[in-house]
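Residue numbers (my numbering): 179 to 332.
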């Protein structure tokens, strides 16, 4: 069992002599948790040099910005079903450029991590009729829907 600062505070009224009070206060001071000093520094890519960026991140500043744009295009497209036409307003790129960026990132990710992805085709093929009827029973006007693109359940 350990004594907390709150427990020590409860003993202060019972300290009758100045020496007892001083001892309790010294114990309380010993229990103070010293918080680490965290510098008030914010990361800023603009203040980083290309040489430092290459050493730290293996890309120059322009490359990091391109990677950031590519990841934002990918995540924006995967987060919500949106057309490239709508994304042109956000990213200031043409539909074909956005499609190229999206497909390039998808292909790179699949080439690197595709072996870790798993989709049980036999299970889906065996149960697809059940999935379709379960969704149709919820009131969906189509009878051939077996899943939702955003991962929600009917």
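Glycine included, each C-beta is placed from N, C-alpha and C at the ideal position.
Next on the checklist: Is the beta carbon of residue 269 closer than 8 Å to that of residue 247?
Outcome noted: Residue numbering aside, residue 247 sits at position 69 when the chain shown is read from its first letter. Residue numbering aside, residue 269 sits at position 91 when the chain shown is read from its first letter. In contact: residue 247 and residue 269 (Cβ atoms closer than 8 Å).
Checklist entry - residue 279 by DSSP, collapsed to three states: which one? => result Taking the chain shown and counting its residues from 1, one reaches residue 279 at position 101. Three-state DSSP puts residue 279 in a helix.
Checklist entry - Would residue 281 be called buried (16 or more neighbouring beta carbons within 10 Å of its own) or exposed? => result Taking the first residue of the chain shown as 1, we reach residue 281 at position 103. Residue 281 should be labelled exposed.
Item to check | Short Cβ contact (8 Å threshold) for residue 276 with residue 262 | outcome: Position 98 of the chain shown holds residue 276. Position 84 of the chain shown holds residue 262. Closer than 8 Å, so yes.
Item to check | Pairwise C-alpha distance: residue 292 and residue 326 | outcome: Residue mapping note: residue 326 aligns to position 148 of the chain shown, counting from 1. Residue mapping note: residue 292 aligns to position 114 of the chain shown, counting from 1. Cα-Cα distance, rounded: 22 Å.
Checklist entry - Of the choices 219, 238, 221 and 234, whose alpha-carbon is the least far from that of residue 228? => result Indexing the chain shown from 1 puts residue 228 at position 50. Checking every option, the nearest Cα to that of residue 228 belongs to 238.
Next on the checklist: So, with DSSP's three-state summary, where would you put residue 193?
Outcome noted: Looking up residue 193 in the chain shown gives position 15. Three-state result, residue 193: coil.
Checklist entry - When the Cα atoms are used, what is the spatial distance from residue 186 to residue 221? => result Sequence index remark: in the chain shown, residue 186 carries index 8 (1-based). Sequence index remark: in the chain shown, residue 221 carries index 43 (1-based). Answer to the nearest angstrom: the Cα atoms are 42 Å apart.
Checklist entry - If you run the structure through DSSP and keep just helix, strand and coil, what is residue 321? => result Here residue 321 refers to the residue found at position 143 of the chain shown. Coil, per DSSP.
Checklist entry - Hey, quick one: how far does the alpha helix (DSSP H) through residue 209 stretch, first residue to last? => result Walking along the chain shown from the start, residue 209 turns up at place 31. Taken as a continuous stretch (DSSP letters only), residue 209 belongs to no alpha helix (DSSP H), as it is neither H nor E.
Item to check | Reduced DSSP category for residue 220 - H, G, I as helix; E, B as strand; rest coil | outcome: Translated into positions along the chain shown, residue 220 becomes position 42. If DSSP states are grouped into helix, strand and coil, residue 220 belongs with coil.
Next on the checklist: Going by beta-carbon coordinates alone, are residue 184 and residue 190 separated by less than 8 Å?
Outcome noted: Here residue 184 refers to the residue found at position 6 of the chain shown. Here residue 190 refers to the residue found at position 12 of the chain shown. Cβ atoms of residue 184 and residue 190: not closer than 8 Å.
Item to check | Three-state secondary structure (DSSP) of residue 272 | outcome: The sequence position of residue 272 within the chain shown is 94, counting from 1. Correct three-state label for residue 272: coil.
Checklist entry - What alpha helix (DSSP H) runs, 4 residues minimum, are completely inside the stretch 223–250? => result 228–235
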